[in-house]
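This report concerns only the one structure given below.
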Amino acid sequence: MKFLNQAGAILWKDLLNEYRTRDALTSMLLFGLLVILTFHFAFEPDSLETQKFAPGLLWTTFIFAGLLGLNRAFASERENEALQGLLLAPVNWGAIFLGKMLANLLFMLLAETAILGCFAIFFNLSLGAKIGWLLLIVPLGTLGFASVGTILAAISMNTRMSDVMLPLLLLPVALPAAIGSVEATAAAFSDPPGAALAFWLKFLVVFDVIFITVPLLLFDFVLEE
Amino acid sequence: MSSELSHVVRLDKVEKWFGPTVALQGIQLQVHCGEFVVLLGRNGAGKSTLLRIIARLAKPNAGQVEVCGLSLNQEAEQVRHRLGFVGHQSFLYRNLTARENLRFFSKLYGIEDAEVKIQAALDQVNLQASADREVKGFSRGMQQRLAIARATLHQPELLLLDEPFTGLDWEASEILSHWLEQFIRNRGTILMVTHDLEHGLGHVSRWVFLDRGKVRREMKGNVQSIRDEYRNFLKEGRREIS
Amino acid sequence: MRSLNWLLFPTLLLILISLYCIFIYAPTESSMGEVQRIFYFHVPSAWTGFLGIFLVFFCSILFLIKNDRAWDIRAAAAAEVGAIFTTMVLISGPLWAKPIWGIYWTWDAKLTSLFVLWLIYLGYLLLRRLLESPIQRARLSAVFGIIGAIDVPIVYMSNRWWRTQHPQPVMGGGESSGLEPSMLFTFLLSLTAFTFLFFLLWRMRCRIEESADRLEALHRELNTRLQEGK
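Have a look at this one:
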């Protein structure tokens with residue numbers, strides 16, 4: 024389908040762009056490491072406390088690292104007004120949204136995997152048995168965030184304070200996804216995984232469905248003019 | 005030849021406003037096949053807005069726009085296949101090579117035999133040596149040449165240009181001028197917005213003066229005769245209440 | 032101006048009567064004392080706060096469909112008025128809670144969603160302030176208004192469910208449970224007064240913006256005439 028081809032072309036272009044500069048990924052990873060360091064010195068948690076706070080800390084790190092990545096999402100389009108070139112092409116603008124959203128999702132997932140690994144190492148978390156659940160929870164939680172984040176990044180890039188605008192717009196909207204992700208992760212970490220796990224997973228799915236559909240419908244309006 | 009076919013662009017009572025701000029009022033404009041039309045006017049006269057409406061980047065509040073016989077409302081995607089746009093920004097991705105940029109756009113336009121056509125385009129604008137260098141290393145002139153390649157890769161019938169000579173050195177301007185002449189000679193149609201009355205204007209068939217969102221005057225003639233007219237036109241109505 | 036009057040007098044009347052009821056007619060609550068009277072301001076403010084975002088949602092959608100500046104004006108005005116009332120909630124909450132329950136704040140579902148609502152209003156208004164092109168301002172804030180408004184009930188629900196796992200101190204328990212008839216009456220009256228006040232302020236704000244538009248249109252007309260006259 025032409026729509027998917029075009030979205031794929033945009034996705035590939037963003038991956039290529041990132042591969043050349045490695046801007047977004049490096050900053051996201053470095054940020055994650057900084058958080059780990061800061062957390063350790065700020066709280067000096069023992070292993071029990073670490074277990075308790077890990078889900079919340081993990082997702083907080085994911086969110087702020089994700090914000091870093093999203094800020095860059097449209098940076099390449101801003102230079103040379105490359106976005107105009109995209110808009111002029113016979114492309115369904117929804118394909119632009121899809122391509123960009125998938126690119127953002129991929130970058131976030133990559134960074135999150137690396138950050139998760141660092142967490143496991145520095146805080147001696149035993150993730151082995153829980154990896155299965157995490158493989159489900161992390162993408163679900165990140166998906167909604169990436170989707171709303173993409174459209175809100177497209178909006179904020181039009182302001183002169185885009186770095187500040189994006190978190191201000193995104194964090195309130197993404198809060199339910201954050202809650203769901205943290206709760207699901209905490210439930211997964213406990214032995215045995217609580218009944219809450221199923222509930223919050225379903226919640227995340229609903230959130231994702233809503234916040235992929237709505238931005239997709241509204242994206243054209245953001246690009247016009 | 006029926007009159008419909010010879011119109012490449014047709015604007016009928018096109019208006020654009022928002023609240024109290026009026027960008028375009030009652031625009032009637034036709035551009036025929038093979039014409040080279042230049043839009044002149046002060047900043048804020050509505051020239052760029054007009055161009056952007058034709059390129060379907062913006063929608064008019066009222067009126068009809070037809071490009072190559074296709075109505076913009078229904079067939080925006082089809083229309084975009086037929087037109088190319090060159091602005092004063094290059095619309096290129098700095099971290100990709102010239103070839104990768106063109107490859108990307110060829111995918112968006114669904115161009116067949118892309119690699120062959122890309123190579124041909126690069127040869128035509130004399131960038132074959134730098135084809136695999138990242139665009140961020142390109143000079144302004146080289147970027148503009150690549151932008152031209154990008155704009156014409158899909159062989160459009162209509163070329164829209166928004167102040168394309170901005171920031172170009174003499175050599176790059178000459179190349180662009182020459183290239184515009186070639187496009188006209190190959191039966192293409194050009195609609196150009198410019199402030200620069202020095203370059204690329206050897207083959208202009210018609211001049212349209214825009215002010216405050218309205219077409220004020222249309223003239224034929226060569227650049228020399230137009231320069232004085234334009235200067236007078238700009239001097240008029242300098243008075244304003246602020 | 033004529034249409035302004037029909038809201039103005041009923042609103043003033045309702046406000047005056049409500050004030051009387053709140054401070055004189057309604058009995059003093061047994062456990063909380065006089066401070067409890069804040070309740071008659073606090074809850075209706077919250078209600079109008081939510082009313083505001085609902086109107087932003089509704090007007091934003093209409094704007095995107097019709098591309099009519101009038102709906103943009105209404106959406107922005109609703110956001111401004113809604114933001115003011117939401118600020119009042121966030122201020123009156125701690126004022127009420129500290130003397131009675133000893134804590135300023137609790138992260139229960141209602142207060143948390145009100146706080147998030149406030150942030151959404153702020154984002155919306157700041158976005159408008161930072162966008163210079165009027166069309167862009169209207170369009171982009173409309174998109175965010177829609178997204179933000181959809182989010183509010185989701186935030187509320189997610190907090191409700193979160194609370195079932197993490198019990199928090201309870202505040203404001205006496206809102207809808209066990210209200211004496213006279214208190215209920217006062218509450219409903221206050222609610223009505225606040226609603227009228229919201230619509231009054233909303234219309235006034237819309238009128239101001241419409242006048243500003245008209246002024247600018249006249250300005251341009253004048254400039255055009257001046258030019259053409261020359």
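Residue numbers (my numbering), protein chains in the order written: chain A, 24 to 248; chain B, 5 to 246; chain C, 32 to 261.
Cβ atoms here follow ideal geometry from the backbone N, Cα and C, with glycine treated the same way.
Quick caveat: nothing in here was measured; it's all calculated off a predicted structure.
Residues of its chain near residue i, where Cβ-Cβ distance is below 6 angstroms and the 5 sequence neighbours each way are ignored
i          : result
Leu-125(A) : Leu-34
Ala-114(C) : Tyr-152
Gln-29(A)  : Val-114 and Ala-118
Ala-108(C) : Trp-233, Arg-236 and Cys-237
Leu-126(B) : Gln-132 and Ala-135
Leu-160(B) : The sequence given here has Pro at residue 160(B), not Leu. Around Pro-160(B): Arg-86, Leu-87 and Gly-88.
Ala-176(A) : Leu-93, Ala-96, Phe-97 and Leu-189
Phe-234(A) : Gly-167, Ser-170 and Val-171
Cα-Cα separation between residue i and residue j, rounded to whole angstroms
i          : j          : result
Thr-143(C) : Trp-136(C) : 10 angstroms
Val-87(C)  : Ala-128(C) : 30 angstroms
Gly-204(B) : His-182(B) : 7 angstroms
Leu-38(C)  : Phe-229(C) : 10 angstroms
Thr-117(C) : Gly-80(C)  : 5 angstroms
Glu-247(A) : Ala-62(B)  : 6 angstroms
Val-12(B)  : Val-35(B)  : 6 angstroms
Thr-103(A) : Trp-193(C) : Note that residue 103(A) is Asn in the sequence shown, not Thr. So the alpha carbons of these two residues sit roughly 46 angstroms apart.
Phe-94(C)  : Lys-218(B) : 27 angstroms
Trp-223(A) : Ala-207(A) : 5 angstroms
Leu-52(A)  : Ile-138(A) : 6 angstroms
Leu-249(C) : Lys-36(A)  : 49 angstroms
Ile-279(C) : Ile-178(A) : Residue 279(C) is absent from the structure shown; chain C starts at 32 and stops at 261.
Ala-218(A) : Ile-55(C)  : 51 angstroms
Phe-242(A) : Ser-185(A) : 18 angstroms
Asn-65(B)  : Lys-20(B)  : 5 angstroms
Val-174(C) : Val-245(A) : 7 angstroms
Glu-138(B) : Leu-100(B) : 5 angstroms
Thr-165(A) : Gln-148(B) : 39 angstroms
Leu-198(A) : Val-205(A) : 11 angstroms
Unbroken alpha helix (DSSP H) run spanning residue i, endpoints
i          : result
Ala-155(B) : 144-156
Ala-59(B)  : Premise fails: Ala-59(B) is in no alpha helix (DSSP H) and is neither H nor E.
Pro-53(C)  : It should be noted that the sequence gives Ile, not Pro, for residue 53(C). That residue, Ile-53(C), is in no alpha helix (DSSP H); it is neither H nor E in DSSP.
Leu-238(B) : 227-239
Leu-34(A)  : 25-44
Ala-66(B)  : First-last for Ala-66(B): 66-71, but that is the beta strand (DSSP E), not the alpha helix (DSSP H).
Arg-191(C) : 165-196
Cut-off 7 angstroms between Cβ atoms - residues of its own chain near residue i, not counting five sequence neighbours on either side
i          : result
Val-69(B)  : Leu-15, Val-18, Ile-57, Ile-58 and Leu-76
Arg-60(B)  : Leu-76, Ala-80, Val-83 and Arg-84
Glu-41(A)  : Ala-47, Leu-48 and Phe-130
Glu-185(B) : Gly-206 and His-207
Thr-59(C)  : Glu-65
Gly-45(B)  : Lys-51, Phe-213, Leu-214 and Asp-215
Val-229(A) : none
Thr-217(C) : Cys-52, Ile-53, Tyr-56, Ala-57 and Tyr-71
Sequence-distant residues of its chain with Cβ nearer than 8 angstroms to residue i (five each side left out)
i          : result
Glu-178(B) : His-203
Phe-145(A) : Ile-59 and His-63
Arg-191(B) : Cys-37 and Gly-38
Ser-6(B)   : Residue confidence for Ser-6(B) is low, a pLDDT of 40 falling below 50, so the modelled location carries little weight; the figure read from the coordinates is stated next. Excluding sequence neighbours, Ser-6(B) sits near nothing in its chain.
Ala-155(B) : Gly-88, Phe-89, Val-90 and Leu-163
Host beta strand (DSSP E) of residue i (start-end)
i         : result
Asp-16(B) : 11-22
His-73(C) : Segment 70-97 is the alpha helix (DSSP H) holding His-73(C); no beta strand (DSSP E) there.
Taking a cut of 7 angstroms between CB atoms, which residues from the region 176-190 of chain C lie near chain A?
Those would be Ile-177, Ile-178, Gly-179, Ile-181, Asp-182, Ile-185, Val-186 and Ser-189, in chain order.
Against chain A: residues of the region 85-106 of chain B by CB proximity under 7 angstroms:
Taking 7 angstroms as the Cβ-Cβ cut-off against chain A, the residues of the region 85-106 of chain B that qualify are His-85, Phe-89, Gly-91, Gln-93, Ser-94, Phe-95, Leu-96, Tyr-97, Arg-98, Asn-99, Leu-100 and Glu-104.
Residues from the region 24-42 of chain B in contact with chain C, defined by Cβ distance under 8 angstroms:
From the region 24-42 of chain B, only Pro-24, Thr-25 and Val-26 have a Cβ closer than 8 angstroms to chain C.
What are the residues of the region 193-211 of chain A that lie near chain C, defined by any Cβ-Cβ distance shorter than 7 angstroms?
Cβ contacts with chain C come from Pro-195, Val-196, Leu-198, Pro-199, Ile-202, Gly-203 and Glu-206.
Residues of the region 186-219 of chain B with Cβ closer than 7 angstroms to any Cβ of chain C, in chain order:
If you check each beta-carbon in the region 186-219 of chain B against every beta-carbon of chain C, the ones closer than 7 angstroms belong to Arg-216.
Tell me which residues of the region 166-178 of chain A have at least one Cβ-Cβ distance to chain C shorter than 8 angstroms, keeping chain order.
Interface annotation for the region 166-178 of chain A against chain C: Val-171, Ile-174, Leu-175 and Ile-178, criterion Cβ-Cβ distance under 8 angstroms.
Every unbroken alpha helix (DSSP H) within the region 85-123 of chain B, with a cutoff of 4 residues, ordered by chain
Entirely contained in the region 85-123 of chain B, the alpha helix (DSSP H) runs reaching 4 residues are, in chain order, 102-113.
Tell me which residues of the region 114-132 of chain B have at least one Cβ-Cβ distance to chain A shorter than 8 angstroms, keeping chain order.
Hits within the stretch, in order: Gly-114.
Residues of the region 96-120 of chain A with a CB closer than 7 angstroms to any CB of chain B: list them in chain order, please.
Under the 7 angstroms Cβ criterion, the region 96-120 of chain A contributes Ser-99, Glu-102, Asn-103, Glu-104, Ala-105, Gln-107, Gly-108, Leu-110, Leu-111, Ala-112, Pro-113 and Val-114.
For the region 43-74 of chain A, enumerate the residues whose C-beta is nearer than 8 angstroms to any C-beta of chain B, in chain order.
Against chain B - using a Cβ distance shorter than 8 angstroms - the residues of the region 43-74 of chain A are Arg-43 and Thr-44.
Under 9 angstroms (Cβ pairs) to chain B, residues found in the region 125-155 of chain A
Residues: none.
In chain order, what residues of the region 218-239 of chain B put their CB closer than 7 angstroms to some CB of chain A?
The residues in question: there are none.
Closer than 8 angstroms, Cβ to Cβ, to anything on chain B: give me those residues from the region 149-166 of chain C, in chain order.
The residues in question are Pro-165 and Ile-166.
Residues in the region 86-104 of chain C with C-beta within 7 angstroms of chain A's C-beta atoms, listed in sequence order?
Within the region 86-104 of chain C, the residues whose Cβ lies closer than 7 angstroms to some Cβ of chain A are Leu-95, listed in chain order.
Interface residues of the region 50-65 of chain B facing chain C [CB-CB below 9 angstroms]:
The residues in question are Ala-62, Lys-63 and Asn-65.
Can you give me, in chain order, the residues of the region 114-146 of chain C that have a beta carbon less than 9 angstroms from any beta carbon in chain B?
Against chain B - using a Cβ distance shorter than 9 angstroms - the region 114-146 of chain C contributes no residues.
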